[in-house]
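Q: Sharing a structure here in structure tokens format.
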Amino acid sequence: MDNIVVQKLTAIVGEEFISTRKDVLLTYSTSASTSYDPAIPGAVVKPADTQQVSEILKIANEHKILVTPRSGGSSLQGEVIPKKDSLVIDLLRLSEIEVYQDLRSVTVGSGINFGKLDKYLNQYDLWLPVYPGSSLSATVVGNVAVNGSGFGSPKYGCIGELVLGLEVVLPNGEIIQTGSEANPNAPGPFLRYAFGPDLTGLFIGSLGIFGIITKVSLKIFKRMHHFDYNTYGFETPQEAEKFILQCKENEISATWISIYEGRILDFFLEMVGEEYGVPQHDWPTITVSMVIGRVREDQLASDSKAAKEICEQTGGHVIGIVELPREEWNDRMREFVRSSYIHGWHWRILYHHQTLSQWHRTLEEMWPIFDEFGVLGHTAGFQSGHSSYNYYPQIYYDPQDEEDEGKAKAAHKELAKRLFKTGAVPFKLAPYWVDGITEMEPYLEFLKSFRRAIDPNNIMSPSAIPRIEGEGE
Ligand SMILES: Cc1cc2nc3c(=O)[nH]c(=O)nc-3n(C[C@H](O)[C@H](O)[C@H](O)COP(=O)(O)OP(=O)(O)OC[C@H]3O[C@@H](n4cnc5c(N)ncnc54)[C@H](O)[C@@H]3O)c2cc1C
Numbered sequence: 002m003d004n005i006v007v008q009k010l011t012a013i014v015g016e017e018f019i020s021t022r023k024d025v026l027l028t029y030s031t032s033a034s035t036s037y038d039p040a041i042p043g044a045v046v047k048p049a050d051t052q053q054v055s056e057i058l059k060i061a062n063e064h065k066i067l068v069t070p071r072s073g074g075s076s077l078q079g080e081v082i083p084k085k086d087s088l089v090i091d092l093l094r095l096s097e098i099e100v101y102q103d104l105r106s107v108t109v110g111s112g113i114n115f116g117k118l119d120k121y122l123n124q125y126d127l128w129l130p131v132y133p134g135s136s137l138s139a140t141v142v143g144n145v146a147v148n149g150s151g152f153g154s155p156k157y158g159c160i161g162e163l164v165l166g167l168e169v170v171l172p173n174g175e176i177i178q179t180g181s182e183a184n185p186n187a188p189g190p191f192l193r194y195a196f197g198p199d200l201t202g203l204f205i206g207s208l209g210i211f212g213i214i215t216k217v218s219l220k221i222f223k224r225m226h227h228f229d230y231n232t233y234g235f236e237t238p239q240e241a242e243k244f245i246l247q248c249k250e251n252e253i254s255a256t257w258i259s260i261y262e263g264r265i266l267d268f269f270l271e272m273v274g275e276e277y278g279v280p281q282h283d284w285p286t287i288t289v290s291m292v293i294g295r296v297r298e299d300q301l302a303s304d305s306k307a308a309k310e311i312c313e314q315t316g317g318h319v320i321g322i323v324e325l326p327r328e329e330w331n332d333r334m335r336e337f338v339r340s341s342y343i344h345g346w347h348w349r350i351l352y353h354h355q356t357l358s359q360w361h362r363t364l365e366e367m368w369p370i371f372d373e374f375g376v377l378g379h380t381a382g383f384q385s386g387h388s389s390y391n392y393y394p395q396i397y398y399d400p401q402d403e404e405d406e407g408k409a410k411a412a413h414k415e416l417a418k419r420l421f422k423t424g425a426v427p428f429k430l431a432p433y434w435v436d437g438i439t440e441m442e443p444y445l446e447f448l449k450s451f452r453r454a455i456d457p458n459n460i461m462s463p464s465a466i467p468r469i470e471g472e473g474e
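Okay, so the sequence shown: first residue is 2 according to our numbering, each after it adds one.
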């Protein structure tokens, strides 16, 4: 990177918080996205506060330098991988947490991960009820930038549903605040939809293309202490879907719902069943693993009784194995399905949301494609909101074997196309939702016009979708 730029950035953050050393840059060249190619940036800066972020973006704009905001670096689809010789802004030093007990809200800086926040809120008997499987590295702000989901989402939705407002540094360095705190006299964050259109929403799931989120304010809730863990068996996917919909209709407070095919449970439990203490079982075609959570014990007793009745009414049976959902819930740092990572396979993940009543449609598309392309893979996912299911089929390949990798990529692309036809929608924008899916074009063009207006020099998040070809590269 140009020496003059490095000097200007050093003047902002101080020598200790900028690096152009190869070994340091190497760690910023990649992320948890193992199937995307790394690229070594020209420099990394670690600002201390919002003001420094603003000054850095002004310099980047002046010199037209590509900028990748980076928080936990745990995202899985290459969006946090920088371009060669560009600038990475590491946001982990912004580590403020402010709790507003009366407003039942919290404001966190971009460096706070879910684990830290959970520990902090625990002292007030409160929690942020969306907790991804990557919570010891994923930051809350990074999760807002992808609109992620996690444990708690069946009841509370994706994280965007909890956001009350944001502090953002726009690509030109201007600092803005959205939500009720746009009034500097507000006692704290309490309302998102203030002052007209929902500008907060523009930044949720934006992957950093519209600016850098330096703080986010979110709703928080009384911590639940009473849980019911159970597994329910069904012979068809449709019965399982009906069971979950009926639980929803009866306001059962499910905080975790994961649907598994019997054959997938066999696959996982062979690896980690013993560690999780899950007893041997002849799994039915479909198993629903569910955690019901309540603040009060009497509410829990009523919900768990109702769930069992609904299971039987919808043609299922209560399996009664509690270890599977309990360990998924307790071991939130390393989600059960992620255990397959320990085998060192490379994989491509196809994040999407499917409606609950169409859960079976992903299966119907997925398995024939695996056979057609001769690839290995499996489903995974959990209920992510009001009526949506966050699915992430994974396709494995041997990274040393070009043919195998080629097949995995081709199968992945074809699966995205076919899933789109079923009505599935992206969990976040990724290359496979853009390539060859023509129905997305009007929407993407609209989004690009925002991108051009907010970031005319096209410096922000160069690996994020939608890309603006020929500009800023
Ligand atoms: C084992 C494992 C389990 C996972 N489980 C889940 C899960 O249950 N649920 C889930 O949602 N995800 C999950 N993920 C994916 C990942 O953890 C999430 O996407 C996570 O929220 C990303 O946050 P991060 O802080 O790591 O962001 P990063 O990876 O650093 O960044 C993500 C994106 O946001 C942008 N960005 C980062 N910080 C900012 C900022 N301050 N302002 C603007 N843009 C920014 C980046 O440029 C990038 O485009 C998992 C990943 C792994 C490896």
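For every residue, glycine included, the Cβ atom is placed at its ideal position computed from N, Cα and C. Fair warning: this is a prediction, and the values are worked out from it, not measured in the lab.
Below 6 Å CB to CB, which residues in the same chain sit around Q8 once its five sequence neighbours on both sides are set aside?
A: Excluding residues within five positions, none has a Cβ falling inside 6 Å.
Q: Distance, Cα to Cα, G274 vs L266?
A: Taking the straight line from one Cα to the other gives about 9 Å.
Q: Would you kindly report the start and end of the unbroken beta strand (DSSP E) that includes N477?
A: Nothing in the structure corresponds to residue 477, since the chain is present only between 2 and 474.
Q: Please work out which residues of its chain come closer than 6 Å, Cβ to Cβ, to G45, disregarding the five sequence neighbours upstream and downstream, and give them in chain order.
A: The sequence shown places Val at residue 45, rather than the Gly named in the question. So the list reads S20, Y29, V89, D91, once near-sequence residues are dropped.
Q: Would DSSP call R452 helix, strand or coil?
A: Of the three classes helix, strand and coil, the one that applies to R452 here is helix, per DSSP.
Q: State the Cα-Cα distance for the pair N144 and P130, rounded to the nearest angstrom.
A: For N144 and P130, the distance between alpha carbons rounds to 13 Å.
Q: Report all residues from its chain with a CB closer than 6 Å to the CB of P467; omit the five preceding and five following residues, and keep chain order.
A: Contacts found: L445, L448, K449.
Q: Quick check: the Cα distance between G158 and F228, rounded to an integer number of angstroms?
A: Those two C-alpha atoms are separated by around 19 Å.
Q: By Cβ distance, which residues of its chain are closer than 6 Å to P400, with the 5 residues on each side in sequence left out?
A: Result list for P400: H347, in chain order.
Q: At a cut of 8 Å, does the segment 214-233 reach the segment 301-316 through at least three beta carbon pairs?
A: Segments in contact, yes.
Q: One question on the structure: do P285 and F235 come within less than 9 Å of each other, judged by their Cβ atoms?
A: It is a contact, given that the beta carbons lie within the stated cut-off.
Q: Quick check: what's the CA-CA separation for I253 versus D405?
A: Cα to Cα, I253 sits roughly 44 Å from D405.
Q: In the DSSP assignment, what are the bridge partners of F383?
A: For F383, which the question treats as bridged, DSSP gives the partners N391.
Q: Give the C-beta separation of I475 and V169 to the nearest angstrom, bearing in mind that I take them to be a contact with Cβ-Cβ under 8 Å.
A: Here the chain comprises residues numbered 2 to 474, so residue 475 is not present and cannot be evaluated.
Q: Please determine whether the Cβ atom of R71 lies at a distance below 8 Å from any heavy atom of ligand 1.
A: Yes.
Q: By the three-class DSSP mapping on this structure, what secondary structure does N459 have?
A: Three-state DSSP puts N459 in coil, outside helix and strand.
Q: Could you tell me whether any non-hydrogen atom of ligand 1 is closer than 8 Å to the CB of A61?
A: Incorrect: A61 has no Cβ contact closer than 8 Å to ligand 1.
Q: If you check the beta carbons only, do G477 and R193 fall under 9 Å apart?
A: Any question about residue 477 goes unanswered here, given that the chain covers just 2 to 474.
Q: Could you have a look at G473 and say whether DSSP puts it in helix, strand or coil?
A: Because G473 carries a pLDDT of 45, less than 50, the predicted location of this residue cannot be relied on, and no value is offered for it.
Q: Using DSSP's beta-bridge definition, name the partner residues of F222.
A: Its beta-bridge partners are W128.
Q: Can you tell me whether L26 sits near ligand 1, meaning its C-beta is under 8 Å from at least one heavy atom of the ligand?
A: False, no ligand heavy atom lies under 8 Å from that Cβ.
Q: Using only the alpha-carbon positions, how far apart do I98 and D119 sit?
A: Rounded to the nearest angstrom, the two C-alpha atoms are 11 Å apart.
Q: Evaluate the contact criterion for the segment 276-291 versus the segment 316-326: three or more CB pairs, one atom per stretch, below 8 Å.
A: With a cut-off of 8 Å, the segment 316-326 and the segment 276-291 count as touching, because enough Cβ pairs lie within range.
Q: Could you say which of I57, G74, G73 lies nearest to L67 if we only look at CA atoms?
A: Looking at the Cα atoms, I57 is the closest of the given residues.
Q: Beta strand (DSSP E) containing L10: first to last residue?
A: First-last for L10: 4-14, but that is the alpha helix (DSSP H), not the beta strand (DSSP E).
Q: For Y194, does the three-state DSSP call read helix, strand or coil?
A: The answer is coil: DSSP assigns Y194 none of H, G, I, E or B.
Q: At a threshold of 8 Å, does F269 count as lining ligand 1 (C-beta to nearest heavy atom)?
A: Because no heavy atom of ligand 1 lies under 8 Å away, the Cβ of F269 does not count as near it: no.
Q: Strictly by DSSP, which residues pair up with G375?
A: Answer is none; G375 lacks a bridge partner.
Q: Answer yes if the segment 72-91 comes into contact with the segment 199-207, meaning at least three C-beta pairs across the two stretches below 8 Å, and no otherwise.
A: The answer is no - the segment 72-91 does not touch the segment 199-207, with fewer than three Cβ pairs under 8 Å.
Q: Could you tell me which residues DSSP puts in a beta bridge with R295?
A: R295 pairs with H227.
Q: Does ligand 1 have a heavy atom nearer than 8 Å to the CB of V14?
A: Incorrect: V14 has no Cβ contact closer than 8 Å to ligand 1.
Q: Is the beta carbon of V81 less than 9 Å from the beta carbon of I113?
A: No, Cβ-Cβ distance for V81 and I113 is not below 9 Å.
Q: Should P42 and T69 be called a contact, given that it needs their Cβ atoms to be closer than 9 Å?
A: In contact: P42 and T69 (Cβ atoms closer than 9 Å).
Q: Suppose contacts are defined by Cβ-Cβ distances below 9 Å. Is S290 in contact with I245 by that definition?
A: Not closer than 9 Å, so no.
Q: Over the uninterrupted alpha helix (DSSP H) stretch that includes V142, give me the two end residues.
A: Taken as a continuous stretch (DSSP letters only), the alpha helix (DSSP H) holding V142 covers 141-147.
Q: Near K220, which residues of its chain fall below 7 Å by C-beta distance, leaving aside the five closest residues on each side in sequence?
A: Contacts found: R105, S106, L163, L165.
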